[in-house]
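Numbering (the numbering used here), first residue to last: 8 to 590. C-beta atoms are modelled at their ideal positions from N, C-alpha and C, and glycine is treated no differently. Read through the structure below, which is laid out as structure tokens, and then see the notes.
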């Protein structure tokens with residue numbers, strides 16, 4: 008297969024700025040390899056989308072020193088490795104240790120590292136396992152001891168896509184949260200990259216005047232020699248800026264976000280620079296109408312940019328087209344027009360039953376769901392094999408509970424269609440009710456407890472009624488400027504998923520709390536995401552009206568006790584039907 012950079016789309020003239028607008032032409036993307044849905048050697052695990060849950064599939068794509076691509080097949084607990092230059096060949100399968108349940112992946116030299124609330128280094132055992140299908144080999148991986156906690160290159164590489172320890176809860180629970188620090192501009196940040204072209208380098212990112220440009224100084228780690236000065240400037244405001252790679256031809260690749268004061272115009276791109284710091288062009292990342300994946304882009308040693316795109320019927324590894332650009336004063340990357348079907352319903356009217364609350368109480372409630380510790384009894388765990396669902400929705404038990412019978416765990420489990428207070432959940436666990444349900448295709452079950460994404464946000468907002476993602480626009484006001492998000496606001500994708508906003512990190516990412524199957528391994532957890540990647544995927548910043556002093560009619564049921572209902576758990580379907588508010 009010819010190198011991707013030899014398949015460039017020519018651009019007739021060098022303009023003052025590159026405008027990748029909805030009405031313009033786009034650089035050609037190539038589908039390098041496609042995987043169907045399944046668990047054979049040439050398929051990957053995909054859990055179909057349902058109401059209030061996004062499509063789930065592979066969570067990360069990365070490249071190794073040999074030019075192979077590695078795909079983290081989360082649902083099948085494995086890594087799929089293949090040569091993008093020989094896509095017809097069968098891939099190799101690397102089986103994950105049972106003790107590791109990651110949602111991010113990087114490869115550095117011959118080390119395979121994954122993120123599971125921390126860095127785990129894996130190696131191939133060489134022991135063959137039974138293969139599923141024909142073709143490439145299947146090898147077990149085992150975890151080895153490492154010093155990743157002190158490895159700034161590993162931690163910096165994972166932090167590129169937000170895989171990093173969340174902020175200090177004490178800071179987040181303080182009313183003077185850093186969510187407002189976005190108005191004070193960004194501070195100098197330092198990133199460490201084990202590059203292919205220049206070895207270990209340090210990238211210092213210094214803000215220029217204004218909020219739309221930075222200076223990136225790249226120095227070698229060993230000799231402290233400056234190898235490049237790069238000026239990155241966008242039309243509006245810069246979100247995340249990540250130094251990704253120096254390829255074998257000494258070209259520099261930087262991921263950037265252009266985020267205007269209008270959430271619908273955010274765009275994500277990879278900019279390529281020559282050794283002298285000149286901008287050569289951009290790769291626009293096709294994020295629109297794709298579910299959340301942690302590591303959605305990677306750069307090979309040859310300078311090819313690959314994107315991970317998940318669909319209902321399969322996964323595509325896309326070679327992203329390059330658009331050359333010379334003498335541009337700034338980069339203006341705009342997303343394609345969103346599918347109108349993703350727009351929220353505007354004709355839904357409902358009365359929200361709320362407990363009087365403020366932002367402090369919202370954040371404290373969210374942290375209580377995330378931080379609760381409880382003992383997993385055999386009754387909570389359920390019987391094995393856990394095969395009550397069909398297809399790749401067959402696993403009922405959330406992944407973070409696998410193998411944890413008799414152990415203390417942290418966080419309320421994801422449970423599709425479930426809702427209720429934290430006190431209610433704790434009482435049900437003590438009664439021996441099963442914990443969690445990640446089946447999102449069949450009807451909600453009546454023998455489980457936990458919260459799904461919208462139930463978690465509803466509870467954090469103080470709602471005694473479960474408002475689904477499709478109903479949230481009726482009780483929440485759009486925040487037109489995403490930079491105006493405040494603690495306790497939300498990022499909502501109607502019909503799909505919702506996250507509670509906590510703050511902006513110092514490097515302008517969005518730190519959120521969510522109840523998620525993939526990103527949280529089936530529980531309530533904190534995550535950090537590049538903001539533009541959420542906006543481009545259809546997430547809309549919203550503010551609960553009760554938190555902006557809008558007039559709200561408060562129903563008497565809003566002040567009901569948090570004590571669990573006395574009715575038997577078998578009555579749950581009726582309660583769900585009565586209290587789950589849809590479009």
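Exposure of residue i, with buried meaning 16 or more beta-carbon neighbours within 10 Å
i, result
"residue 96", "exposed"
"residue 392", "exposed"
"residue 514", "buried"
"residue 346", "For residue 346, the predicted model reports a pLDDT of 43, less than 50, meaning its position is unreliable; a value from the coordinates is still stated below. Answer is exposed; the Cβ neighbour count stays below 16."
"residue 43", "exposed"
"residue 195", "exposed"
"residue 351", "At residue 351 the pLDDT is 42, less than 50, meaning the model places this residue with poor confidence; the figure from the coordinates comes in the next sentence. Residue 351 should be labelled buried."
"residue 129", "buried"
"residue 356", "Residue placement at residue 356 cannot be trusted, given a pLDDT of 47 that sits under 50; the coordinates are not used to answer."
"residue 219", "buried"
"residue 518", "buried"
"residue 333", "exposed"
"residue 213", "exposed"
"residue 394", "exposed"
"residue 23", "Legend: pLDDT at residue 23 = 31, less than 50; position of this residue unreliable, value from coordinates given subsequently. Burial call: exposed."
"residue 77", "buried"
"residue 207", "exposed"
"residue 426", "buried"
Endpoints, alpha helix (DSSP H) assigned at residue i
i, result
"residue 371", "366 to 378"
"residue 541", "538 to 543"
"residue 447", "No alpha helix (DSSP H) holds residue 447; DSSP gives it neither H nor E."
Where residue i falls: helix, strand or coil (DSSP)
i, result
"residue 385", "helix"
"residue 200", "strand"
"residue 431", "helix"
"residue 467", "helix"
"residue 487", "coil"
"residue 415", "strand"
"residue 547", "strand"
"residue 251", "strand"
"residue 230", "coil"
"residue 527", "coil"
"residue 76", "strand"
"residue 460", "helix"
"residue 503", "coil"
"residue 63", "strand"
"residue 331", "strand"
"residue 552", "helix"
"residue 270", "helix"
"residue 299", "coil"
"residue 479", "helix"
"residue 408", "helix"
C-beta contact flag for residue i and residue j at 8 angstroms
i, j, result
"residue 547", "residue 498", "yes"
"residue 57", "residue 406", "no"
"residue 495", "residue 370", "yes"
"residue 67", "residue 525", "no"
"residue 150", "residue 132", "no"
"residue 380", "residue 433", "no"
"residue 537", "residue 313", "no"
"residue 459", "residue 540", "no"
"residue 65", "residue 300", "yes"
"residue 483", "residue 552", "yes"
"residue 530", "residue 418", "yes"
Opening and closing residue of the beta strand (DSSP E) in which residue i lies
i, result
"residue 276", "274 to 280"
"residue 159", "Note, residue 159: premise wrong, no beta strand (DSSP E); alpha helix (DSSP H) at 159 to 166."
"residue 150", "145 to 151"
"residue 335", "No beta strand (DSSP E) holds residue 335; DSSP gives it neither H nor E."
"residue 498", "497 to 500"
"residue 37", "37 to 44"
"residue 213", "207 to 214"
"residue 1", "Since the first and last residues shown for the chain are 8 and 590, residue 1 lies out of range."
Exercise. Are the segment 252 to 260 and the segment 193 to 203 touching by the rule of at least three beta carbon pairs closer than 8 angstroms?
Worked result: These segments touch.
> Pairing CB atoms from the segment 45 to 53 with CB atoms from the segment 276 to 292, are three or more of them under 8 angstroms?
Replying inline: With the cut-off at 8 angstroms, the segment 45 to 53 and the segment 276 to 292 do not touch.
Would you call the segment 98 to 118 and the segment 157 to 172 touching, i.e. three or more CB-CB distances under 8 angstroms?
Under the three-pair Cβ rule at 8 angstroms, the segment 98 to 118 counts as touching the segment 157 to 172.
Exercise. Decide yes or no for the touch test of the segment 282 to 291 against the segment 308 to 328: beta carbon pairs closer than 8 angstroms, at least 3 of them.
Key: Contact holds: three or more Cβ-Cβ distances are below 8 angstroms.
| request: Say whether the segment 429 to 449 touches the segment 372 to 387, bearing in mind that this needs 3 or more beta-carbon pairs closer than 8 angstroms, one atom from each stretch. | output: The segment 429 to 449 is in contact with the segment 372 to 387.
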